[in-house]
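Visitor:
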Amino acid sequence: MPDETPGEGLVLGLEGTAWNLSAALFGDDLVALHSAPYVPPKGGIHPREAAQHHASVMKEVVSRVLTGPERIRAVAFSQGPGLGPSLRTVATAARALSIALGVPLVGVNHCVAHVEIGRWATGFSDPIVLYASGANTQVLGYLNGRYRIFGETLDIGLGNALDKFARSHDLPHPGGPIIEQLARQGDYIELPYTVKGMDLAFSGLVSAAQESPAALEDVCFGLQETAFAMCVEVTERALAHAGKDEVLLVGGVGANARLQEMLRVMCEDRGAAFAVPERTYLGDNGAMIAYTGRIMLEHGVTLPLEESQIRPGFRADEVEVVWREEPGEIFATGREDGGVARGAEAVVEIREDVVVKHRTTKHYRNPRLDTRLIEERTRAEARLIATARRAGVPTPVIRDITADTIVMERIEGEVLKYVTGPETIRLAGEAVGRLHAAGIVHGDLTTSNMIVRNGQCVLIDFGLASTSPEVESRGVDLHVFFQTLESTTENFEELKEAFIEGYAGAFGGADEVLSREHEVELRGRYL
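Residue numbers for the sequence shown follow my numbering, beginning at 23 and rising by one.
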């Protein structure tokens, strides 16, 4: 690795959110990096044991990279999210080093650091990011000074899902690499597929895989194909919704060759660029903390000792990204006023009086899974649009249907994402309220799937819709919408209140659903 001239100074970065303790020095480039992972004797990560491991090897790890203390100009550390005991151990060491060296302290968000080292390593400017690690599975994009979370897991992270399955079959930790190896010898089996708009859930998939009587190699293959297809689908949906043209894969699970292949194929089919950093920067590592600490320091972001408490639930969208001066484009592709529009799932031909929605083959998906999803979603969409319309919900009129195509009325109006304001969002709340009162959940409530016409908000794209009397399903429906609204607008709180006004006016059970949505929002996403 290249050396640094003594006068320029370096940033020391300490990473230790979970299993891996890692330190690095970063200047204009990576100067030194050393890691000492905690390997549990059996099963998964034990938080206290991981912290004890970090404490026992801290001096050695730091000493391996800290060769010239006088050249250090700041100490950066992973402030969160992560395991509390591990975070506390690293924060204590960072404070001690900051005091001993007489340099500022920088608290770095672990998730943002993954994104920033990925951008640095690949040269990508403004990508949609799939962040897939043990505890975290999120789709992010930059807008107006923050990394917005378009979608995320509603239960456990992808890596933890793989580890959980591995433990149930006495496979070593971490489970991802051995599952990848076994999957190469397996064939596809059908397993549950759970996508809710741009959110997803893995618990049902893991439970079904654990209980499957099929050969282990086949279960591993089906588990990977299903889980990864879910991740790629929500990434593509964010890509289509935001109008960006780059996809970046980061996080430890990003080392999986099959996941990389599926994302690459999806991007090729959409004409988008795809990149993944080299393996050194994929898993948890000190380099990402040191690099992000450096760019934060250069923009005046330091952390007083008295404010350096750890933050186990520190979300990426809480960070003010002052080091990026551009506002971040959203909906860059503009309106589709005619011709052909392409969403995440389908090609839509907009004719004079009708719209022809054709679900296309997804080459990244296993053919059997792809055929199943296309047929199931096409039938369900046509049935539920008709049911919703009979219940008084503004929807298009269905003209014809085949196994993969729906012909429906063309709705003349403005797509909601281009005309978001309190009044139009209130209309959206009314439409969703009527939908939920009819016992239907949309499953993909985004501002791309609503059209404002003649004082009404018409709901379209029922491809992920289902009938459900459950408060939980309705709460998740609203969570998907609020998450999209927050990630793409500047006056989210005002718009949310307008939506709630319309929703409560149309649906008597609104209070219970809104309370459940808040519970969904507060559920832990990390570790």
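A virtual CB, placed ideally from N, CA and C, is assigned to each residue, including glycine.
Since we're looking at a predicted model, the values are computed, not measured.
#1: Check whether the Cβ atoms of H76 and V112 lie closer than 8 angstroms to each other.
#2: Is the Cβ-Cβ distance between M284 and F250 less than 8 angstroms?
#3: Rounded to whole angstroms, what is the Cα-Cα separation between G451 and P196?
#4: To the nearest angstrom, report how far apart A338 and Y169 are at their CA atoms.
#5: Under a three-way DSSP split, which group does H380 fall into?
#6: In the DSSP assignment, what are the bridge partners of A161?
#7: For the alpha helix (DSSP H) containing H501, name the first residue and the last one.
#8: Mind reading off the beta-carbon distance from A154 to G305? Whole number of angstroms is fine, and I expect it under 8 angstroms.
#9: Using the Cα positions of F514 and G276, report the straight-line distance between them to the nearest angstrom.
#10: Which residue from L271, T446 and P444 puts its Cα closest to that of F146?
#11: Helix, strand or coil for M80, going by three-state DSSP, please let me know.
#12: Just how far apart, CA to CA, sit P491 and Y210?
#13: Start and end of the beta strand (DSSP E) containing N166?
#14: Among S234, R381, D426 and A309, whose alpha-carbon lies nearest the alpha-carbon of P299?
#15: To which residues does DSSP link C133 through a beta bridge?
#16: Which residue marks the beginning of the beta strand (DSSP E) containing R475, and which one marks its end?
#17: According to DSSP, what are the bridge partners of V33?
#18: What residue range does the alpha helix (DSSP H) around D240 cover?
#19: Grouping DSSP H, G and I as helix and E and B as strand, with all else coil, what is A520?
#20: How many angstroms separate the CA atom of F529 from the CA atom of V415?
#21: Check this for me: beta carbons of V535 and H464, under 8 angstroms apart or not?
#22: Quick check: the Cα distance between R316 and R333, rounded to an integer number of angstroms?
#23: Give the list of continuous beta strand (DSSP E) stretches no shorter than 3 residues that lie fully inside the segment 392 to 425.
#24: Buried or exposed for S85, please, with buried defined as at least 16 other CB atoms from any protein chain shown within 10 angstroms of its CB.
#25: So for A354, helix, strand or coil by DSSP?
#26: In three-state terms, what does DSSP make of S225?
#27: In whole angstroms, what is the alpha-carbon distance linking P418 and M472?
#28: Would R280 and F296 qualify as a contact pair, given that the criterion is a beta-carbon distance under 8 angstroms?
#29: Could you tell me whether the segment 426 to 441 touches the segment 360 to 380, using the rule of 3 or more Cβ pairs below 8 angstroms?
#30: Could you give the DSSP three-state label for G102: helix, strand or coil?
#31: Which of the three DSSP states, helix, strand or coil, is assigned to G531?
#32: Compute the Euclidean distance between the alpha carbons of V502 and G102, then round it to the nearest angstrom.
#33: Just tell me which of Q331, L204 and L162 has its CA closest to the CA of R110.
#34: What three-state label does DSSP hand L271 in the structure shown?
#35: If we define contact as Cβ-Cβ less than 8 angstroms, is E348 a contact residue for chain D?
#36: Under the assumption that A260 contacts V130 (Cβ atoms under 8 angstroms), give the Cβ distance between them as a whole number of angstroms.
Guide: Let me spell this out:
#1: In the sequence shown, the residue the question calls residue 76 occupies position 54. In the sequence shown, the residue the question calls residue 112 occupies position 90. It is a contact, given that the beta carbons lie within the stated cut-off.
#2: Walking along the sequence shown from the start, residue 284 turns up at place 262. Walking along the sequence shown from the start, residue 250 turns up at place 228. Yes.
#3: To locate residue 451, count along the sequence shown from 1; it is residue 429. To locate residue 196, count along the sequence shown from 1; it is residue 174. So the two alpha carbons sit approximately 44 angstroms from each other.
#4: Sequence index remark: in the sequence shown, residue 338 carries index 316 (1-based). Sequence index remark: in the sequence shown, residue 169 carries index 147 (1-based). Whole-angstrom Cα-Cα distance: 6 angstroms.
#5: In the sequence shown, counting from the first residue as 1, residue 380 sits at position 358. Three-state DSSP puts H380 in a strand.
#6: Locating residue 161 in the sequence shown gives position 139, where the first residue counts as 1. In the sequence on display, residue 161 carries Val and not Ala. V161 is bridged to L152 and G173.
#7: On the sequence shown, position 479 is the one that residue 501 refers to. Taken as a continuous stretch (DSSP letters only), the alpha helix (DSSP H) holding H501 covers V493 to T510.
#8: Working through the sequence shown from its first residue, we reach residue 154 at position 132. Working through the sequence shown from its first residue, we reach residue 305 at position 283. Wrong, their Cβ atoms sit about 11 angstroms apart, outside the cutoff.
#9: Translated into the one-based positions of the sequence shown, residue 514 becomes position 492. Translated into the one-based positions of the sequence shown, residue 276 becomes position 254. If you take the alpha carbons of F514 and G276, they lie about 32 angstroms apart.
#10: Reading the sequence shown from its first residue, position 124 is the one you call residue 146. When only C-alpha atoms are compared, the closest one is L271.
#11: Stepping through the sequence shown from its first residue, residue 80 is reached at position 58. Three-state result, M80: helix.
#12: As a first step, residue 491 is located in the sequence shown; it is residue number 469 there, counting from the start. As a first step, residue 210 is located in the sequence shown; it is residue number 188 there, counting from the start. Answer to the nearest angstrom: the Cα atoms are 33 angstroms apart.
#13: Taking the first residue of the sequence shown as 1, we reach residue 166 at position 144. It is not in any beta strand (DSSP E) - N166 carries neither H nor E in the DSSP assignment.
#14: Residue 299 sits at position 277 when you count from the first residue of the sequence shown. Minimum Cα distance to P299 is reached at A309.
#15: Taking the first residue of the sequence shown as position 1, residue 133 is located at position 111. In DSSP, C133 forms no bridge with anything.
#16: Along the sequence shown, one-based indexing puts residue 475 at 453. Its beta strand (DSSP E) spans residues M472 to R475.
#17: Here residue 33 refers to the residue found at position 11 when the sequence shown is read from its first residue. V33 pairs with F48 and A96.
#18: Residue mapping note: residue 240 aligns to position 218 of the sequence shown, counting from 1. Start and end: L238 to A264.
#19: As a working note, residue 520 is residue 498 in the sequence shown. The three-state secondary structure of A520, taken from DSSP, is helix.
#20: Taking the sequence shown and counting its residues from 1, one reaches residue 529 at position 507. Taking the sequence shown and counting its residues from 1, one reaches residue 415 at position 393. C-alpha separation (whole angstroms): 12 angstroms.
#21: Taking the sequence shown and counting its residues from 1, one reaches residue 535 at position 513. Taking the sequence shown and counting its residues from 1, one reaches residue 464 at position 442. Contact: no.
#22: Numbered from 1 along the sequence shown, position 294 holds the residue referred to as residue 316. Numbered from 1 along the sequence shown, position 311 holds the residue referred to as residue 333. Roughly 20 angstroms between the two C-alpha positions.
#23: 420 to 423
#24: The sequence position of residue 85 within the sequence shown is 63, counting from 1. Result: exposed.
#25: Stepping through the sequence shown from its first residue, residue 354 is reached at position 332. Model confidence at A354 stands at a pLDDT of 45, short of 50, so the residue's coordinates are unreliable; what they give is reported in the following sentence. Coil at A354, not helix or strand.
#26: What you label residue 225 is simply residue 203 of the sequence shown in a count that begins at 1. Three-state result, S225: helix.
#27: Counting from 1 along the sequence shown, the entry for residue 418 is found at position 396. Counting from 1 along the sequence shown, the entry for residue 472 is found at position 450. Going from the Cα of P418 to the Cα of M472 covers about 11 angstroms.
#28: By 1-based counting over the sequence shown, the position of residue 280 is 258. By 1-based counting over the sequence shown, the position of residue 296 is 274. No, these two residues do not count as a Cβ contact at 8 angstroms.
#29: yes
#30: Counting from 1 along the sequence shown, the entry for residue 102 is found at position 80. Under the three-state reduction of DSSP, G102 is assigned to strand.
#31: Against the sequence shown, residue 531 aligns to sequence position 509. The answer is coil: DSSP assigns G531 none of H, G, I, E or B.
#32: For this step, residue 502 is matched to residue 480 along the sequence shown. For this step, residue 102 is matched to residue 80 along the sequence shown. Their backbone Cα atoms lie some 24 angstroms apart in a straight line.
#33: Position 88 of the sequence shown holds residue 110. Considering only alpha carbons, the answer is Q331.
#34: On the sequence shown, residue 271 is found 249 positions in, with the first residue counted as 1. Three-state DSSP puts L271 in a strand.
#35: Protein chains in the displayed structure number just one, and chain D is not present.
#36: Here residue 260 corresponds to residue number 238 of the sequence shown, with the count starting at 1. Here residue 130 corresponds to residue number 108 of the sequence shown, with the count starting at 1. That belief does not hold up - the Cβ atoms of A260 and V130 are roughly 24 angstroms apart, past 8 angstroms.
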